[in-house]
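> Okay, here's the structure, questions in a sec.
So, in structure tokens, the structure goes:
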């Protein structure tokens with residue numbers, strides 16, 4: 048089989064074409080068995096125009112149900128305004144779509160059923176409104192995002208981190224946090240910086256040794272595992288490939304206590320971790336993180352306080368003081384944002400400068 052290609056993704060199409068024998072599903076399954084690395088694909092064939100076959104490994108793929116229409120997308124938000132009925136395909140799944148019907152097979156080729164979830168992903172979240180660009184919009188959404196993230200926090204209690212879909216045999220957050228004596232934080236990009244901040248809190252407030260690792264490096268290097276470690280992943284999307292791989296690497300080393308700080312309740316990360324706290328930052332379109340970062344910090348500080356309380360290192364007076372400060376955060380942030388006219392004036396002073404020197 049001879050072909051010319053300009054991108055690596057075209058290799059997949061050519062591989063499927065070389066294996067095609069009249070059955071698109073079988074061709075995709077055969078191709079998937081030979082692929083290495085992360086991918087999420089939807090495949091069409093000229094000979095079978097009524098059919099689309101999807102497959103995923105390492106990258107997210109969701110199925111949207113809007114009968115009789117069916118959709119494949121990388122994220123539920125992409126289907127906002129089209130359908131709120133979402134099937135999250137699991138690692139290694141292959142889905143066959145034909146004339147309003149679908150069938151899913153797992154990585155072993157067995158026909159399986161996946162849960163249909165109702166996901167609220169409103170199109171209004173992606174509208175600019177009165178703002179000039181999405182980053183400005185998301186900066187000003189931080190007070191609301193923080194308030195939403197902390198809503199329902201009446202006290203510092205471990206069950207705030209219990210998994211919402213945990214079975215009766217699952218360990219509670221109280222049990223897990225009482226067992227661990229160190230924390231390993233895995234994250235990438237902006238989430239890594241929130242983890243670096245949390246390290247100071249956990250060691251000073253909870254007095255628990257804490258290690259922060261860039262997930263893309265941790266997954267590839269040799270490390271010394273400790274069974275009484277709480278592995279904390281931080282991810283906005285819950286689908287960050289390196290962070291998911293780092294989590295699985297830590298689990299393969301025997302570290303079974305896992306917790307995630309995540310913004311998407313239905314994501315792969317939430318499904319794979321035993322404990323979790325869902326931030327409520329909403330959709331973040333701007334490339335530079337704003338409200339996702341600040342809500343991660345809120346969740347991590349809350350985890351610090353819970354860990355300190357479980358370990359007997361947080362007095363009632365300290366708990367009340369920290370709770371009061373956290374409840375004041377949205378208002379405090381709003382007062383900072385009220386300084387925008389002054390900040391814009393400062394920015395105007397620098398518009399004609401060619402160089403900047405920062406000392407610190």
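Numbering (the numbering used here), first residue to last: 48 to 407. Every residue gets a Cβ at the ideal spot worked out from N, C-alpha and C, and that includes glycine. Small disclaimer: the values here were computed from a predicted structure and weren't measured.
(1) Is the region 190–202 in contact with the region 364–375, if contact means three or more CB pairs nearer than 8 Å?
(2) Just tell me which of 91, 95 and 398 has its CA closest to the CA of residue 102.
(3) What's the C-alpha gap between residue 190 and residue 74?
(4) Can you grab the Cα-Cα spacing for the pair residue 370 / residue 207, in whole Å?
(5) In this structure, does DSSP put residue 386 in helix, strand or coil?
(6) Check whether the region 384–401 touches the region 276–293, taking contact to mean three or more Cβ pairs, one atom from each stretch, closer than 8 Å.
(7) Kindly identify the DSSP beta-bridge partner or partners of residue 260.
(8) For residue 144, tell me which candidate among 202, 96 and 358 has the shortest Cα-Cα distance.
(9) Per DSSP, which one or two residues make a beta bridge with residue 281?
(10) Less than 8 Å separating the beta-carbons of residue 328 and residue 339?
(11) Excluding the 5 residues flanking residue 355 on each side, which residues of the same chain have their C-beta closer than 6 Å to its C-beta?
(12) Run through the DSSP bridge pairs and tell me what residue 209 is partnered with.
(13) Could you pull the DSSP bridge partners for residue 145 from this structure?
(14) Classify residue 267 as helix, strand or coil using the three-state DSSP reduction.
(15) Mapping DSSP to helix, strand and coil, what is residue 114?
(16) Look at residue 182 and residue 54 and say whether their C-beta atoms are less than 8 Å apart.
(17) Go through its chain and collect everything with a Cβ distance to residue 283's Cβ below 6 Å, but skip five positions before and after it.
(18) Over the uninterrupted alpha helix (DSSP H) stretch that includes residue 357, give me the two end residues.
(19) Whole angstroms is fine: what's the gap from residue 256's alpha carbon to residue 229's?
(20) Is the separation between the beta-carbon of residue 343 and that of residue 263 shorter than 8 Å?
(21) Less than 8 Å between the beta carbons of residue 278 and residue 233, yes or no?
(22) Beta-carbon within less than 6 Å of residue 120's beta-carbon, same chain only, minus the 5 sequence neighbours each way: which residues are those?
(23) Would DSSP call residue 75 helix, strand or coil?
(24) On the CB-based measure, 16 or more other CB atoms within 10 Å of its CB, does residue 133 come out buried or exposed?
(25) Just grab the DSSP bridge partners of residue 105 for me.
(26) Starting from the Cα of residue 112, find the closest Cα among 99, 148, 138 and 82 and give me that residue.
(27) In the structure shown, what three-state DSSP assignment does residue 133 receive?
(28) What do you get for residue 175, buried or exposed, if any count of 16 or more other CB atoms within 10 angstroms of its CB means buried?
(29) With which residues is residue 244 paired in a DSSP beta bridge?
(30) When you measure from the CB of residue 229 to every non-hydrogen atom of the ligand PLP, does any distance come out below 7 Å?
Looking at the atomic coordinates:
(1) Under the three-pair Cβ rule at 8 Å, the region 190–202 counts as touching the region 364–375.
(2) Relative to residue 102, the option among 91, 95 and 398 whose CA is nearest is 91.
(3) So the alpha carbons of these two residues sit roughly 50 Å apart.
(4) Here the C-alpha atom of residue 370 lies approximately 14 Å from the C-alpha atom of residue 207.
(5) It is coil, neither helix nor strand.
(6) No: the two stretches stay apart, fewer than three of their Cβ pairs being nearer than 8 Å.
(7) DSSP, once it has assigned bridges, lists 233 as partnering residue 260.
(8) Among 202, 96 and 358, the Cα nearest to that of residue 144 belongs to 96.
(9) Residue 281 is bridged to 234 and 308.
(10) Yes, they are a contact pair.
(11) Only residues of its own chain outside the window of five on either side were considered, and among them 252, 253 and 361 have a CB closer than 6 Å to the CB of residue 355, listed in chain order.
(12) In DSSP, residue 209 forms a bridge with 322.
(13) Per DSSP, 98 and 148.
(14) Reduced to three states, the DSSP call for residue 267 is coil.
(15) Residue state, collapsed to three classes: coil.
(16) No, they are not a contact pair.
(17) Excluding positions up to five away in sequence, the list reads 310 and 339.
(18) Residue range 338–357 is occupied by the alpha helix (DSSP H) that includes residue 357.
(19) The C-alpha of residue 229 is placed about 5 Å away from the C-alpha of residue 256.
(20) No; because the gap between Cβ atoms is not below 8 Å, this pair is not in contact.
(21) Cβ distance < 8 Å, so residue 278 and residue 233 count as in contact.
(22) The answer, listed in chain order, is 109 and 126.
(23) Three-state result, residue 75: helix.
(24) Residue 133 comes out buried.
(25) Beta-bridge pairing by DSSP links residue 105 to 86.
(26) Taking only the C-alpha atoms, the option nearest residue 112 is 148.
(27) Collapsing the DSSP output to three states places residue 133 in a strand.
(28) Exposed.
(29) When DSSP reads this structure, residue 244 sits in no beta bridge, so it has no partner.
(30) Among the ligands in the structure shown, none appear at all, so the ligand PLP cannot be discussed.
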